[in-house]
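Mapped onto numbering that gives the first Met the number 0, the consecutive letters of the sequence shown carry residue numbers 0 to 170. Even for Gly, the Cβ is constructed at its ideal location relative to N, Cα and C. Below is one structure, written out as structure tokens, with a few remarks after it.
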Amino acid sequence: MESVGGIIMYWIIVLAIVIFSVLTVTTRKILRAATYLLFTLFATAALYFKLDYEFLGAVQIAVYAGGIVVLFVFSILLTSHPGDNSEKLVSRKKLLGIVASIATLVIAGYALISRCSVMFANLPEGENPPMKLLGETLMGTGEGQYLLPFEAISVLLLACIIGGVVVARKR
0 MESVGGIIMY
10 WIIVLAIVIF
20 SVLTVTTRKI
30 LRAATYLLFT
40 LFATAALYFK
50 LDYEFLGAVQ
60 IAVYAGGIVV
70 LFVFSILLTS
80 HPGDNSEKLV
90 SRKKLLGIVA
100 SIATLVIAGY
110 ALISRCSVMF
120 ANLPEGENPP
130 MKLLGETLMG
140 TGEGQYLLPF
150 EAISVLLLAC
160 IIGGVVVARK
170 R
């Protein structure tokens with residue numbers, strides 16, 4: 000059973016993740032967005048540490064909070080004027096966007112809950128899955144394991160990087 004302080008700390012971390020995530024996508028200053036993203040990634044690492052996944056928390060800080068955000072900041076500084084406000088987006092299809100966002104949230108939530116309940120059905124109540132089980136599930140090739148989607152996402156990210164290089168070379 001977790002203490003009241005642990006539960007309060009969990010909700011503080013979750014609140015920080017939600018607030019900084021919203022600020023990341025709503026601010027009009029691009030360097031502030033990168034800074035808010037950094038705070039979101041640090042709060043996510045804190046959540047991993049709270050769940051006793053020290054290795055995952057350290058990787059989150061080293062790779063994402065350290066490497067990726069620095070890459071974003073260098074890209075911002077090289078390609079734009081960081082102090083300027085971005086243009087305010089005007090769209091006539093806000094209702095369609097809200098409906099699509101809610102539908103995506105419902106579908107992703109259902110997928111997450113149904114997959115996690117099957118994946119961790121054999122664990123004792125209230126116990127976190129061990130890191131070895133998480134690793135085997137994410138990188139395994141058996142039924143209910145995620146190596147193929149992981150590789151598909153890596154190919155998608157590679158295509159995005161190549162597309163970014165092509166767009167940058169045209170300028």
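- For Glu53, the enclosing alpha helix (DSSP H) covers residues 53-58.
- Here Lys92 carries a coil assignment [DSSP, helix/strand/coil].
- In the three-state scheme derived from DSSP, where H, G and I count as helix and E and B as strand, Lys49 is classed as helix.
- Remark: C-beta atoms of Ile60 and Ala44 approach each other more closely than 8 Å.
- Assigned with DSSP and collapsed to three states, Thr140 falls in coil, not helix or strand.
- Sequence-distant Cβ neighbours of Tyr9 in its own chain, meaning closer than 7 Å and more than five residues away, are Lys49.
- Of the residues assessed, Ile112 falls on the exposed side of the cut-off, its CB having fewer than 16 other CB atoms within 10 angstroms.
- One Cα belongs to Ile75, the other to Ile152, and the distance between them is close to 24 Å.
- A residue is called buried once 16 or more other Cβ atoms fall within 10 Å of its Cβ, and Thr78, having fewer, is exposed.
- Under the 10 Å beta carbon count, Gly56 is surrounded by 16 or more other beta carbons and is classified as buried.
- Of Ala107, Val68, Ala158, the smallest CA-CA separation from Thr34 is found for Val68.
- The DSSP-derived three-state label of Glu135 is helix.
- Shown here, Pro128 sits in coil according to DSSP, grouped into three states, outside any helix or strand.
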